[in-house]
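A quick write-up on the structure given underneath.
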Amino acid sequence: MMNLEPGSRSSMTDSIMSKAATMEIPINSNGDTRTSEDDSLEQIHWSLERKDLQQVMVSGPNLNETSIVSGGYGGSTEGIIPTGSIKGPAILYNEEYFERRCGNAPKPERRSKSRDFPPSHSAAARISCQPDRYPAPSMHHSHSNPSMMSEEATRGIAVEKFDSVKKWSINTYKCTKQMFSERFGRGSRTVDLELEAQIDVLRETKQKYEHILRLAQALTTHFYNVVQTQQALGDTFADLSQKSPELQDEFGYNAETQKLLCKNGETLLGAINFFVSSINTLVNKTMEDTLMTIKMYENARLEYDAYRTDLEELSAGPRDAAAMMRIEFAQQEYQIHRDKYERLRSDVTIKLKFLEENKVKVMHKQLLLFHNAISAYFAGNQQQLEQTLRQFNVKLKRPGSDRPSWLEEQ
């Protein structure tokens, strides 16, 4: 290899750099501004630096003229270790590492690919014909931000709540206005005379049946106390019959009578409880369900009249473009509430019909049971009383059977 002096090496480098600075910079087909002269320039630089570094690393510093101080600066000479015994270069030269470090190792270049492989027009045509199969790279990230999604969801919920509150406010205002107009006689209301009469009859019937229910519950409570008193009295008579020999027969007869009355009283109490339970179901469930539908019907009627009045007021006003849009919107709202009113009116009519049929059937059975049970009890006909309960499938509940056991109380 040719040895170059430092002065000549620097002059050669300066001349080459001045030449490179004045030359034109061509751009090849791949858009790379590097030329063959640039490559030769770079190779000369790397060879010079490699030469200098190789000489330093092979020869190494003269360790015979150096020493290692272990005791620190300014210490005694006892801490000086001579290095004359160390031989050979201080650093081993690794040519492969140097080539990798300096970037001269052989590696594939992207420029050579375009020069070695010409562009394929058939492949480009296939890719352009099938854009779904070969999608182009996108500059935007497809990953959405979770915080942005949560904000959008929260905003959507808030908008829905605001719309619902807005609709409720408008509807409440219109209905309140219509209600005050009807009470002060300024507005008109839709009235179904036949249906309103049936609703009034139902409300009166419910009040009367509630009164019957309260009286029957009071009778059950009082009669239960009578049965408990008869049972206690029969136990006392039985105890005295054993402790009073001179009145044993008299106490015994009365004890048996009270026990028989207590047994028949429990049977009658079962019939009365069944009667009370059936009336309670009829009043507080069947009738109440129909009255809830009636309440919904009345609210729908009020809304229907409110939107009907609103439509009439808009129709009587001017007919410009904005007014026509409001009239069209009011017409849609009016139709919606009219359909709701008609549907609920039909539901109320059907429920009133079924309620009347169910009421007649239930009360016929319960009134017959109550009459036969009371008559058999006060007539002293025990067999007739038991037969009445079997006829109506009434199961007796002994006093205290509803109380939980001592295990359930724990």
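Counted the way the numbering used here counts, the sequence shown spans residues -12 to 397.
For glycine and all other residues, C-beta sits at the position ideal for the given N, C-alpha and C.
Exercise for the section: Would you mind reading off the limits of the alpha helix (DSSP H) that contains Pro305? Expected result: Position 318 of the sequence shown, counted from the first residue, corresponds to residue 305. Per DSSP, Pro305 belongs to no alpha helix (DSSP H) and is neither H nor E.
With a cut-off of 8 Å on the beta carbons, I'd call Ala310 and Leu301 a contact; round off their distance for me.
-> Looking up residue 310 in the sequence shown gives position 323. Looking up residue 301 in the sequence shown gives position 314. Ala310 to Leu301, Cβ: 7 Å. Contact.
>> Going residue by residue through the region 172 to 240, where are the continuous alpha helix (DSSP H) segments of at least 4 residues, counting only ones entirely within it?
In response: The qualifying runs are 180 to 230.
query: Counting pairs of beta carbons, one from the region 191 to 206 and one from the region 254 to 269, are three or more of them closer than 8 Å?
result: yes
With 16 other CB atoms within 10 Å as the buried threshold, where does Pro175 fall? For the purposes of this step, residue 175 is taken as residue 188 along the sequence shown, with counting starting at 1. In the sequence as presented, Pro is not what sits at residue 175; that position holds Ser. Ser175 counts as exposed, since fewer than 16 other beta carbons sit within 10 angstroms of its beta carbon.
Terminal residues of the continuous alpha helix (DSSP H) containing Lys161?
Residue 161 sits at position 174 when you count from the first residue of the sequence shown. Unbroken alpha helix (DSSP H) run through Lys161: 133 to 170.
| request: Drop a sphere of 10 angstroms on the beta-carbon of Glu290, count the other beta-carbons inside from all chains shown, and report buried for 16 or more, exposed for fewer. | output: As a first step, residue 290 is located in the sequence shown; it is residue number 303 there, counting from the start. Counting Cβ neighbours within 10 Å, Glu290 comes out buried, since at least 16 surround it.
Checklist entry - Per DSSP, what kind of secondary structure is Gly367 in: helix, strand or coil? => result As a working mapping, residue 367 is identified with position 380 in the sequence shown. It is coil, neither helix nor strand.
**Prompt:** Out of curiosity, what's the CA-to-CA distance linking Gln371 and Glu344?
**Reply:** The sequence position of residue 371 within the sequence shown is 384, counting from 1. The sequence position of residue 344 within the sequence shown is 357, counting from 1. Looking at the two C-alpha atoms, the distance is approximately 30 Å.
> Any idea what DSSP makes of Lys346, helix, strand or coil?
Replying inline: Position 359 of the sequence shown, counting from 1, holds the residue named residue 346. Per DSSP, reduced to three states, the secondary structure at Lys346 is helical.
ask   = To the nearest angstrom, how far is it from the Cα of Gln204 to the Cα of Gln353?
value = Translated into the one-based positions of the sequence shown, residue 204 becomes position 217. Translated into the one-based positions of the sequence shown, residue 353 becomes position 366. Near 15 Å, if we compare the C-alpha coordinates of Gln353 and Gln204.
Helix or strand or just coil, what does DSSP make of Phe379?
By one-based count along the sequence shown, residue 379 stands at place 392. In the three-state DSSP reduction, Phe379 falls in the coil class, being neither helix nor strand.
#### Entry: Candidates His324, Met279, Met350, of which the one nearest Ile186 by Cα
The count along the sequence shown starts at 1 and reaches residue 186 at position 199. Closest option to Ile186, Cα to Cα, is Met279.
**Item:** Nearest candidate by alpha-carbon position, reference Gly221, set Phe238, Leu206, Pro232
**Value:** The sequence position of residue 221 within the sequence shown is 234, counting from 1. Checking every option, the nearest Cα to that of Gly221 belongs to Phe238.
Integer Cβ distance of Tyr284 from Leu331, believed to fall under 8 Å = Position 297 of the sequence shown, counted from the start, is the residue given in the question as residue 284. Position 344 of the sequence shown, counted from the start, is the residue given in the question as residue 331. Correct: roughly 4 Å between the Cβ atoms.
### Query
With distances taken from CA atoms, which of Gly252, Leu180, Phe224, Trp155 is nearest Ala242?
Taking the sequence shown and counting its residues from 1, one reaches residue 242 at position 255. When each option's Cα is compared against that of Ala242, the closest is Phe224.
Through-space distance from Arg170 to Ile157, alpha-carbon basis: Counting from 1 along the sequence shown, the entry for residue 157 is found at position 170. Counting from 1 along the sequence shown, the entry for residue 170 is found at position 183. Rounded to whole angstroms, Ile157 to Arg170 spans 20 Å at the Cα level.
Which of helix, strand or coil does DSSP assign to His128?
-> Here residue 128 refers to the residue found at position 141 of the sequence shown. For His128, the predicted model reports a pLDDT of 46, less than 50, meaning its position is unreliable; a value from the coordinates is still stated below. Note: His128 maps to coil in three-state DSSP.
Proximity below 8 Å, CB of Leu298 to CB of Gln318
In the sequence shown, counting from the first residue as 1, residue 298 sits at position 311. In the sequence shown, counting from the first residue as 1, residue 318 sits at position 331. The answer is yes: Cβ separation under 8 Å.
- Task: Pick out whichever of Glu253, Asp292, Phe316, Gly367 has its Cα sitting closest to the Cα of Ser168.
- Result: Residue numbering aside, residue 168 sits at position 181 when the sequence shown is read from its first letter. Looking at the Cα atoms, Asp292 is the closest of the given residues.
Quick check: does the Cβ of Lys153 come within less than 7 Å of any heavy atom belonging to the ligand NAD? The ligand NAD is not part of the structure shown, which contains no ligands of any sort.
**OP:** Give every residue of the same chain whose Cβ lies closer than 6 Å to the Cβ of Leu227, excluding the five residues on either side of it in the sequence, and list them in chain order.
**Re:** Counted from its first residue, the sequence shown places residue 227 at position 240. Around Leu227: Phe238.
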